[in-house]
Each structure stands twice: as C-alpha cells, then as structure tokens.
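Reading the sequence shown from the start, the letters are residues 600 to 1331 in the working numbering.
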Amino acid sequence: MTDMISQIELEGQIEKVTYSNEETGYTVATISVHGYHEPVIIVGKIMAPTPGEIVLVKGVWVNHPRFGRQFKVEEHTKKVPATVVGIKKYLSSGLIKGIGPVMASRIVRKFGEKTLDIIEHRPDKLVQVEGVGPKRVEMIKRAWRDQREIRDVMIFLQSHDIGTAYAAKIFRQYGNSSISVVTGNPYRLATDIFGIGFNTADKIAEKLGFKNTAPVRVEAGILYVMNQLAEEGHIYYPYNLLVERCREVLQVDTDTVIGSFASVVDSKMIVVEELKRDIGRFAPDKKAVYLARFYVSETGVAENLARIISTPKKIRLIDSDRAIERVQKKIRLNLAQKQIEAIKAAISDKVMVITGGPGTGKTTIINAVIKIYEKLGARIMLAAPTGRASKRMSEATGYPAKTIHRMLEFSLQKGGFQRDQDRPLEVDVLILDEVSMMDTILMHHLLKAVPKDATLIMVGDVNQLPSVGAGSVLRDVIDSGRVPVVELNEIFRQAGESQIIINAHKINNGLIPEFGHERKGLEDFYFIEQDDQEQVLEIIKELVINRIPRRFGLDPIDGIQVLSPMHKGTAGTENLNTVLQDVLNPCKIMLIRGDRNFRLYDKVMQIRNNYEKEVFNGDIGRITEIDPEDQKVTVTYDCLPVSYEYSELDEIVLAYAISVHKSQGSEYPAVVIPVLGQHYILLQRNLIYTAVTRGKSLVVMVGSKKALAMGIKNDRIMERYTRLAERLKRTD
C-alpha cells in the first residue's frame, strides 16, 4: 500500500468504462476532472462503474510502459451526478431497467437537474414523459429500489473484496436478507446460487473471520468435494479416499474431516453404505459414500429395472419369424442376422439393449420394431435425452419422439416431473435412443414412470463418451448381465461408402484412420497435419471462413461446428470462440459483461439445465436481440425465443467452438477437430471416436498425427465409481 501522504485525490465524472471485471472489480475507465485539459485514465478496483457517476478517487500517478500515464486508484467513493449531462449519461448506461438511451434523453429533457429526485421521491410524475405509462413507471420504481438495495449488498461485499458479479445474484436469491445470510453462513451461497462455488464462498467466509477448521466450513467442504466428484462422473466415492481428498482440498487435518463427517451424515445429505468384499477393487475401503440424491437414484434404477424385467409383457407376439418376414417386405430390406436377433429380442424380452456404432443399422431395427408393435395395436413412445437427439430420432423414423423431460411432463411450477410411479406413462413399448448420454438421476426419474408391464428398448453407443452427468448407466446395465444385449458391428453397404463411418470404426478398434485414399471428387474425411498451435488456429479459421463453405457449400456458422478436447490453450474452446467470433460475427451491437463479449447474432450454447426456460445443457441457439433498456438478451433455439436477464448470462457461452463432451447426441453437417500434443491429458479413444461420429457429411482433423495415435491407443476408460451393475446382479 502506498504511503497515505503521497496519495493524490481527484474528483471527476466517469465518461467511459473501457474494461470492468465483475468478479474482481478491476476497472479501466476515463474520467473528466475539472481543471484538467485531457481526460484522466484511471485503473484499479472500482465496483460497478457507471458512466455519468461522479467518483472521488485517491491514489497515485503511474507510467504504464504501453498505455502511458494513468491514475492508479487505491480508494474510491461514488456520488450521483448533479449536472443534466451527467444525469443523462448515468441513466443511459442501462443502470435502471426500463430506461435506455432514448428514454433517458426524454426524461432528462423533461425534468432536468431534478430527474434523480423525481425518480427517487415522485416517480409517478414520470408518466408526463412521452412513452412512459403506468406499467413502465412500476418497472422503473422497482428497478430503482432494487438498484439501491443491491448497492447496499455491493458495498458490503466490496468491503470484503468480493466482486459485483455476485451482488445481483445474491440479492436475487435472498433479497433484503442478503447481508444477514452472508454473515450468518456464507457457505450457503455455494449450494443456493449457480455460479458461486465453494471457493468464492470460502473467500467471503475468510474475510468475515470464519476459521479454517470451523465446523460449518468443513461440513460445506465435504459436500463441495462430493459434488466435485459427481461432476467427474462418480456416483459414490470410497470413504478413505474421500477423507484424504477433503483433507487436501480444505487444508485441515484428517481428524477435523472425520469429526465433521458425522454431522453431514446426520443432516441426511449424504449416505454411507457398507461395501461387501465381493466387489473387487473397491473392497479395501469398506464404505461407499453417496450424496443422498445419487443413492436414491442408483438404488431406484436397480429396483425399477428389476420390477419391469420381472413382470410379464402386456403385448406379446407368438410367431416372431413371420412378423419379421412381413416387416422385411414392408421396409423392402433384407435384414442382417444381428438385426433379426435384435428385433426378436425386442419382441420377446421385457427389457433389452441395442448398442453399436454409426452405420450399423440401429435405425432400421427401430423402424422394424415400431411397425411390428403398431400392427399389434401397442401404444409406442420414442424418447431421447436431448432435443437434438429426439429430433434426429423423429426424422429417422417418421414417428414422433420427445425429450425425456417433455415426456415426463416436467413442470417447475408444479415441482418437478409430473409422470412417476403414481401417474405412470401410458405406454406399452418405450424406445429410448442415445442412452449413453443418460445419467443415473434422469434414468431414475424415467424408470419410476414406466409401467411394470411395458417393454423397454434401450438404444445407444456404449463406446461413446459417458454421460455428462454422474454414472455410466448404459455400460452398467450391459455389464450386469441382467438384460439381453445385441451388439451391432457390421457396417452396411451404403454406410460403408462413408469414410467417416469407416474411420470411426477403425478408431473404435484402436486403428489409425485412413486419410487421402484415392477417390473421385470430394472426400468426407481429411487430416491436415500441423504441429504448431498458432498455425493450427490459423488453419481452423481458414477452414471455417473460406475453404469448407466454398468447397462444400456449408454455412460457416450453422453448417460447421468446431469441437475441441479442451477449454484452455490456443486451440481450446475459449480462445477459438474469441477468434471465430471476431471473424464470423463483426456486428457492432454488443453487450460486454466483464471479460465476456456477446454480440447480436452470436452463436451461443446453454451450459446448465434451466427447466423454467425449458432450455437444457448443450442446447445451441443464436442471439436475436440485445435490449439495454430492459436489460435482457433474447436467444432463439430452434425457432423458440428465450429471454435472459443480464444477471443470467453466465448460463450461456459462445458456441462457435464447443467441447467434445457438449457435442454428445448432436450431429453437424461438418466438424473441425483440433488434435494436438497439448491435449494429451484428455485425448482418449472414446473422445476421438465421439468427436468423429458427430460429423454427418464432413470431418476435418487438424494437428499432430502423433497426438492422434496417442489418443487412439489410450483406451483406458476413466473409471467411475458406481454400484449399479452390482445392484442389478443382486436382483437376479
């Protein structure tokens, strides 16, 4: 800290905010100061700087090697502006919902220097302004009140070095109780508010004087670690390993962790289950620790699957050979032996799994099964985990398919899924596609709603990446041996003409794909060799902007998807998005939120399930409106417009490039995949296989063949701690 005697004090009006990080408060802004001929550039921690505000800053002059003379802020206080120009600038900044630049000009023209007093004390007089009716007055009154209260929260958080990005969220969650909640138990923030994790809550707690070993901290820390492990895909974690992980993360001794463990168990938020010695490598730990929701879900999946398996079929068919003969004539195809085997199992068994890669005839089987059961008068339902997957299923079969959430009639207002054991689905045959994407919790909710006499057919590719959510349902069901499994591995003639499909199967079998074999015309699979990261970036830009659109006639935004194994690095999704946004969407209408820049027409992706908005993790859309007056952004997903408050924008990210995990269940006309040695930590066979199988008409890989070979060789599936297969075996 600079010695107080050397500090200088300046007072000025904020003219322009060049940069402001909402999390840290670090700001670069320009202020006009009386007596200074040139505007002054100020840098430092200023919470929620707003053009038009008067700031009193204390600090020192510094010389930046690149940007020259700047004023480094060490302390600051804010005042509302007093001049007409300042008030207009202040209101035009989007500070108050309901007042944009045009409305700000009208209000200030009407009330002049009394404007802020009118808004504060006599807001009903605003109806005298053109375009302001009673409804807008109410919006402005509410926004002004909220802004004032948010500022109180902001000032409180600022005094504890917490950025303003969290203030609006905290206020939205707790209202006027915000400060009392935060001071009473800051760790509530980690569980109650999306985007505020344990680490942020921990920083707040430290500033508030909570000790490292405080029981409330350790208890919250255990739950934080358990949730981290769930994000890694684990349904449970061995007790001994969990205690060690908690000790490392929380930086406390083992006894402190163990001491708080009992309290978390008593709170019913976790469940501890004894492990039997017959489950192999997990035996030494003796205990399995579950978050309660995963314990309920895993045991529920096992019980409900056993219930369905053990109940006789409602729709039965005696002569399956004749039915298959008839359906072959109807679809005008001679079915392969494995396909006939799958159809017979679908007809005779209560529950079955069909697994196989692209081009192996899964859709043909589904179509045949639908036709056979339709003739028997069965009530048939088709479903998939995501909107994109259900849409593909419907297009491929000509039969209506729904997302599982829609099929189970999810309602936020009514408190969750409306279809369950008390109000089961009205279905005789349920066909699920992309089951590899289904996590344990979703499968639990689904199986609760399946009538016990219904037939359940699960279709998926077990060699793809496992679900983003915790568990490995499809693999566990197959490994349990409780249901018939038909594995398709024959590539059919038409699919065999696709180098994408041939190479996908080669990758799955641990073989290097073929590149550049002799064929006339355009190919559908390319590898561009380049080891230098910066050059890979340039090649990807050229491919997306020029080469692919020109040669294949595809739209550079809607027709091409860049898939990267990683988020960080030169060829990671974050940097790729910044680069591709600049070249693909130079639109000047934009919204800057901290270090994130959203532009009108940007391609974006939802990154969490939002049941209220009915948009889900992985949905891709386009920004179709940015409204600074109402502080809202509209994103259109498949013709469905969805509105976001500015404070909700951490739910979306740019999607010119996305991770391979997020691409699951989707198919794109063309995919471009960087493969570099820097990605080696994540390069695995199932990741490369999943990426390649996302391309419908074109796959272009750019990078190192050595890195590709390393990834294909690495067939170690990241083990997930689950007991579903074991539970299913015990139901036999």
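Just so it is clear, CB atoms sit at the ideal spot from N, CA and C, and this is done for glycine as well. As the structure is a prediction and not an experimental result, all values here were calculated from the model.
Exposed or buried, residue i, counting other C-beta atoms within 10 Å across all chains shown (16 or more means buried)?
i            : result
residue 788  : buried
residue 723  : exposed
residue 1325 : buried
residue 1011 : exposed
residue 823  : buried
residue 1016 : buried
residue 881  : Annotation note: pLDDT 43 at residue 881 (below 50); position unreliable, no value reported.
residue 833  : buried
residue 863  : buried
residue 1124 : buried
residue 1185 : exposed
residue 1004 : buried
residue 710  : buried
residue 893  : buried
residue 1160 : buried
Would residue i pass as a contact of residue j if the rule is Cβ separation under 8 Å?
i            : j            : result
residue 1109 : residue 1284 : yes
residue 1254 : residue 1219 : yes
residue 1241 : residue 1270 : no
residue 999  : residue 993  : yes
residue 1126 : residue 1304 : yes
residue 738  : residue 696  : yes
residue 885  : residue 872  : no
residue 705  : residue 730  : yes
residue 835  : residue 1198 : no
residue 807  : residue 790  : no
residue 1162 : residue 1262 : yes
residue 1140 : residue 1178 : yes
residue 1327 : residue 901  : yes
residue 1090 : residue 1297 : no
residue 673  : residue 657  : yes
residue 978  : residue 926  : no
residue 1248 : residue 1232 : yes
residue 1087 : residue 1289 : no
What's the C-alpha gap between residue i and residue j?
i            : j            : result
residue 1131 : residue 1272 : 15 Å
residue 905  : residue 1042 : 14 Å
residue 1085 : residue 952  : 6 Å
residue 1103 : residue 909  : 37 Å
residue 770  : residue 648  : 18 Å
residue 1122 : residue 1062 : 25 Å
residue 786  : residue 1235 : 35 Å
residue 849  : residue 855  : 10 Å
residue 1180 : residue 861  : 50 Å
residue 1107 : residue 1282 : 14 Å
residue 923  : residue 1264 : 29 Å
residue 668  : residue 639  : 9 Å
residue 1316 : residue 794  : 29 Å
residue 1157 : residue 954  : 30 Å
residue 879  : residue 936  : Any reading at residue 879 must be qualified, since the residue scores a pLDDT of 45, below 50, and its modelled position is unreliable; no value is offered.
residue 851  : residue 811  : 7 Å
residue 701  : residue 1142 : 42 Å
residue 967  : residue 1172 : 40 Å
residue 683  : residue 707  : 7 Å
residue 1230 : residue 721  : 23 Å
Please report the Cβ distance between residue i and residue j, rounded to the nearest whole angstrom; I am assuming they are in contact, meaning their Cβ atoms lie under 8 Å.
i            : j            : result
residue 840  : residue 869  : That belief does not hold up - the Cβ atoms of residue 840 and residue 869 are roughly 15 Å apart, past 8 Å.
residue 675  : residue 655  : 7 Å
residue 1333 : residue 1275 : Residue 1333 cannot be examined here, being either before or after the span of the chain that is shown, 600 to 1331.
residue 645  : residue 629  : Wrong, their Cβ atoms sit about 12 Å apart, outside the cutoff.
residue 677  : residue 661  : 22 Å between Cβ atoms; not a contact.
residue 932  : residue 962  : In fact, because the Cβ distance is near 11 Å, the residues do not count as touching under 8 Å.
residue 958  : residue 938  : Rounded, the Cβ-Cβ distance is 13 Å, inconsistent with contact.
residue 1332 : residue 1228 : Missing from the structure shown is residue 1332; the chain here goes from 600 to 1331 and no further.
residue 1076 : residue 1301 : So it is not a contact: roughly 37 Å between Cβ atoms.
residue 976  : residue 1319 : The pair is not a contact, with the Cβ atoms about 41 Å apart (cut-off 8 Å).
residue 1252 : residue 1191 : The pair is not a contact, with the Cβ atoms about 15 Å apart (cut-off 8 Å).
residue 1034 : residue 1073 : 5 Å
residue 971  : residue 1030 : Not quite, the Cβ-Cβ distance comes to about 12 Å (not below 8 Å), so this is no contact.
residue 1066 : residue 1038 : 4 Å
Jot down the residue ranges of each uninterrupted beta strand (DSSP E) in the stretch 853-937, minimum 3 residues, whole runs only, in chain order.
869-873, 886-890
Length at least 4, wholly inside the stretch 1149-1198: the alpha helix (DSSP H) runs in chain order
1172-1183
To test your reading of the DSSP string, which unbroken alpha helix (DSSP H) runs of 4 or more residues are found completely within the stretch 951-1009?
961-974, 986-996, 1003-1006
Jot down the residue ranges of each uninterrupted beta strand (DSSP E) in the stretch 682-754, minimum 3 residues, whole runs only, in chain order.
none
Ignoring anything shorter than 3 residues, give me the beta strand (DSSP E) runs that lie fully in the stretch 1255-1306, in order along the chain.
1256-1258, 1267-1274, 1294-1302
Segments of 3+ residues assigned as beta strand (DSSP E) that fall wholly inside the stretch 604-668:
607-619, 625-632, 639-644, 653-663
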